[in-house]
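The next block holds one structure in the form of C-alpha cells; read it before the comments.
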Amino acid sequence: MANAIRAGYKERGIDLTDEQVNAMVQKSMGKLMKPVATSSDIQEKNTHPLISEAALSDAIKKMSGASAPLKIEERKDGFIVNGTPYVDAEGKIKSYAFDVINGDITYLVEQSKNKQSAKYIKAGSSDEAIEIASGTRENGIWSIVTTSGKKLSGEIFSPMPRGVLLGRESAVVRYTPGQGTKTSALPEGYALAPLQHGNVGATGYVLLEVASASEKKDSASGLLDSVKNLGAIFGINEKSDYALFNLDTRNIYPLNISSNGKNIHTYSQCYQKKLGINVCDQMFSFESLYSKTGKNMTHYYWLADWQKTNKGPVLVAMEGGGKATAINLSTGKKVLAYERTLGISTFDSKVNPDGSMSLRTGWIADMKDIPDVSAFISEQPELLIKTAEK
Numbered sequence: 230m231a232n233a234i235r236a237g238y239k240e241r242g243i244d245l246t247d248e249q250v251n252a253m254v255q256k257s258m259g260k261l262m263k264p265v266a267t268s269s270d271i272q273e274k275n276t277h278p279l280i281s282e283a284a285l286s287d288a289i290k291k292m293s294g295a296s297a298p299l300k301i302e303e304r305k306d307g308f309i310v311n312g313t314p315y316v317d318a319e320g321k322i323k324s325y326a327f328d329v330i331n332g333d334i335t336y337l338v339e340q341s342k343n344k345q346s347a348k349y350i351k352a353g354s355s356d357e358a359i360e361i362a363s364g365t366r367e368n369g370i371w372s373i374v375t376t377s378g379k380k381l382s383g384e385i386f387s388p389m390p391r392g393v394l395l396g397r398e399s400a401v402v403r404y405t406p407g408q409g410t411k412t413s414a415l416p417e418g419y420a421l422a423p424l425q426h427g428n429v430g431a432t433g434y435v436l437l438e439v440a441s442a443s444e445k446k447d448s449a450s451g452l453l454d455s456v457k458n459l460g461a462i463f464g465i466n467e468k469s470d471y472a473l474f475n476l477d478t479r480n481i482y483p484l485n486i487s488s489n490g491k492n493i494h495t496y497s498q499c500y501q502k503k504l505g506i507n508v509c510d511q512m513f514s515f516e517s518l519y520s521k522t523g524k525n526m527t528h529y530y531w532l533a534d535w536q537k538t539n540k541g542p543v544l545v546a547m548e549g550g551g552k553a554t555a556i557n558l559s560t561g562k563k564v565l566a567y568e569r570t571l572g573i574s575t576f577d578s579k580v581n582p583d584g585s586m587s588l589r590t591g592w593i594a595d596m597k598d599i600p601d602v603s604a605f606i607s608e609q610p611e612l613l614i615k616t617a618e619k
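The numbering of the sequence shown is our numbering, which starts it at 230 and goes up by one.
If you want it as C-alpha cells, here you go:
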C-alpha cells in the first residue's frame with residue numbers, strides 16, 4: 230500500500246517523505262478497519278426490551294401500597310393519596326384514573342408535546358411507577374406500543390385504573406396488563422368522549438359523545454353556543470349530547486348534558502359603552518376543564534361520574550343544568566337527587582374510603598349531602614329513564 234501511494238503522488242510530480250507515506254497508510258487502514266454495525270446491533274439500539282404480559286402482571290401484583298382506607302383526590306398536576314401529593318419526575322401528569330377500592334392508579338405523563346407514556350402505581354406505594362405503554366401522536370393519531378410489544382392506535386389515548394383506553398372513529402380498545410386487549414364497537418352516531426371521569430375498567434361503562442357534538446367550532450359560533458346552553462341549563466330544552474354506554478352488555482343511558490359547555494370564552498379589546506356595560510370587539514373560545522375561578526362546571530367531564538362501589542356500579546349526573554340524578558347501573562333504577570330550576574352551583578362526587586360513593590350538590594346555602602348514593606337510590610322513587618339496546 231505504501232508503494233502504491235508513493236507512486237501515485239510521483240506521477241503528479243510530488244515526492245512524499247517516509248513520514249507522509251506512513252501517515253497516509255495509517256489513515257487508510259483506519260477507514261478499512263472501522264467496525265460495521267450488524268443487524269442485531271441495530272435492532273438492539275432501536276427497540277426497548279420487551280416483557281411478557283405474565284411478567285408485567287406479576288410485577289404489578291407485587292407492588293406494595295397503602296392499606297385501606299384510601300383517600301384519592303384530584304389535582305391539576307398529579308393527584309393526592311391520603312393527603313400526600315404525587316407527581317412524576319419525567320414530566321407533567323396530563324390525566325389519570327384511579328380505583329379507591331383496590332388502589333389501582335394509571336396515569337399519562339407528558340414527555341413532549343406529542344409523546345406520552347402510561348404508568349401504573351399502587352396508591353401510597355413508595356415503589357417506582359411501572360411503564361405499561363408509550364405513545365406518539367402524528368396527524369391526530371396516537372400510535373401506542375405496550376411494554377409487552379402490542380401495537381395499538383386511535384384518536385384518543387386515555388388511562389383506566391389498571392390499563393389504557395384507545396378510541397377510534399367507531400370502536401374502543403381496552404388494554405389491561407396481563408390480560409391483553411379487548412375491542413368493542415360503538416353505537417352508530419356516537420364517538421368516545423376524550424375525557425372519562427368514571428371508572429371504565431371496573432364498570433365496563435364509557436362516556437360517549439354524539440358525533441356531531443365533537444366537531445370543532447370557531448370562536449364566532451361560541452357565543453351562539455353559550456346562548457343555546459342557557460336553554461339546557463334552565464330546562465328550556467333537552468340536549469342529550471352524551472350517553473353512558475356499557476362495552477360488554479351494550480346498554481346505553483342517554484344523558485341530558487350539552488356539549489356547548491366544554492368551552493370557556495375570553496374577551497379582548499373591550500371598552501365601556503354605558504355605566505356597567507362593556508363592549509368587546511373580539512372573543513376567543515377554547516375547551517378547558519378549568520376557568521379562572523376553578524372548575525369549568527359546564528364541562529361534561531364534571532357533570533357525569535360513574536364508579537364501582539361496595540354495593541355495585543352507580544352513576545351520578547347533573548342533567549339540564551338544574552337536575553342532579555343517580556342511577557344504579559346494575560338495575561337501571563334512576564332517581565332524582567336534587568333539583569333547582571335556576572341551576573346548580575355545586576356538583577361534587579367521590580368514592581369514600583369504605584367503598585361507598587357520596588355526592589354533594591345544591592346551590593350556595595341550599596346544599597344537599599348524600600353520604601351513600603347506592604343506599605339513597607334504593608330508598609327513592611324511580612324516575613322514568615331512557616335506555617336502549619344498541
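All C-beta atoms in this analysis are idealised placements derived from N, C-alpha and C, irrespective of residue type, glycine included.
Fair warning: this is a prediction, and the values are worked out from it, not measured in the lab.
Discussion item. Are the CB atoms of I334 and I370 within a distance shorter than 9 Å?
Written reply: no
Discussion item. Counting C-beta neighbours from all protein chains within 10 Å, is the total for P542 16 or more, i.e. buried, or is it exposed?
Written reply: buried
Worksheet item: Cβ atoms of V435 and L421: under 9 Å apart, would you say?
Response: yes
Worksheet item: From which residue to which residue does the beta strand (DSSP E) around L473 run?
Response: Per DSSP, L473 belongs to the beta strand (DSSP E) from Y471 to N475.
Discussion item. Taking the alpha-carbon of A362 as reference, which of K351, E282, I350 and T376 has the nearest alpha-carbon?
Written reply: T376
Worksheet entry | Boundaries (first-last residue) of the beta strand (DSSP E) holding S578 | T575 to V580
Item to complete: Give every residue of the same chain whose Cβ lies closer than 6 Å to the Cβ of S268, excluding the five residues on either side of it in the sequence, and list them in chain order.
Response: For S268, the predicted model reports a pLDDT of 37, less than 50, meaning its position is unreliable; a value from the coordinates is still stated below. Excluding positions up to five away in sequence, the list is empty.
Item to complete: Give the DSSP bridge partners of Y315, in chain order.
Response: Within the DSSP bridge table, the entry for Y315 names F308 as partners.
Item to complete: For K524, collect the residues of the same chain with a Cβ closer than 8 Å to its Cβ; drop the 5 residues on either side in sequence, then sort them by chain order.
Response: L518 and W531
Worksheet item: Among residues of its own chain, excluding the 5 on either side of Y567, which ones have a beta-carbon nearer than 8 Å to its beta-carbon?
Response: K552, A553, I573, T590, G591 and K597
Discussion item. If distances are taken between C-alpha atoms only, which option among R366, D247, I385 and M547 comes closest to R569?
Written reply: Per the Cα distances, M547.
Fill in: Cβ-Cβ distance between L437 and Y419 below 9 Å
yes
Item to complete: Return the residue from the list G332, Y336 and L613 that minimises the CA-CA distance to Y482.
Response: L613
Discussion item. My output table needs one value for A347: the three-state DSSP class, helix, strand or coil.
Written reply: Looking at A347 - three-state DSSP - the assignment turns out to be strand.
Fill in: R403 vs D328 beta-carbon contact at 9 Å
At least 9 Å separates the beta-carbon of R403 from that of D328.
Worksheet item: Cα separation between V316 and P610?
Response: Distance between the alpha carbons of V316 and P610: 44 Å.
Practice prompt. Classify T538 as buried or exposed, calling it buried when 16 or more other Cβ atoms lie within 10 Å of its own Cβ.
Written response: buried
Practice prompt. Tell me where the beta strand (DSSP E) around T570 begins and ends.
Written response: Where T570 is concerned, there is no enclosing beta strand (DSSP E), given that its DSSP letter is neither H nor E.
Discussion item. Are the CB atoms of A297 and P600 within a distance shorter than 9 Å?
Written reply: no
Fill in: Nearest candidate by alpha-carbon position, reference G353, set T313, K321, K521 and S387
T313
Worksheet item: So, helix, strand or coil for D583, using DSSP?
Response: Looking at D583 - three-state DSSP - the assignment turns out to be coil, as it is neither helix nor strand.
Discussion item. Nearest by alpha-carbon distance to S587: which of K540, S559 and K562 is it?
Written reply: K540
Fill in: Residues near P423 in its chain [Cβ-Cβ closer than 6 Å; skip 5 each side]
I385
Worksheet item: In whole angstroms, what is the alpha-carbon distance linking F513 and C499?
Response: The predicted model places F513 with a pLDDT of 49, which falls under 50 and marks its position as unreliable; any figure quoted below should be read in that light. Those two C-alpha atoms are separated by around 13 Å.
Worksheet item: Under the three-state reduction of DSSP, which class applies to G383: helix, strand or coil?
Response: strand
Item to complete: Taking the CB atoms as reference points, tell me whether G332 and M389 lie closer together than 9 Å.
Response: no
Worksheet entry | N485 to R397 span [Cα, whole Å] | For N485 and R397, the distance between alpha carbons rounds to 24 Å.
Worksheet entry | N- and C-terminal bounds of the alpha helix (DSSP H) containing T432 | V429 to T432
Worksheet item: Alpha carbon to alpha carbon, how far is R304 from E339?
Response: 16 Å
Item to complete: Quick one: give me the first and last residue of the alpha helix (DSSP H) that V602 is part of.
Response: In the DSSP assignment, V602 falls within the alpha helix (DSSP H) that extends over V602 to E608.
Practice prompt. Quick one: residues in its chain with C-beta nearer than 6 Å to the C-beta of S603, no 5 flanking neighbours on either side, listed in chain order?
Written response: Cβ within range, chain order: T538, K540 and V543.
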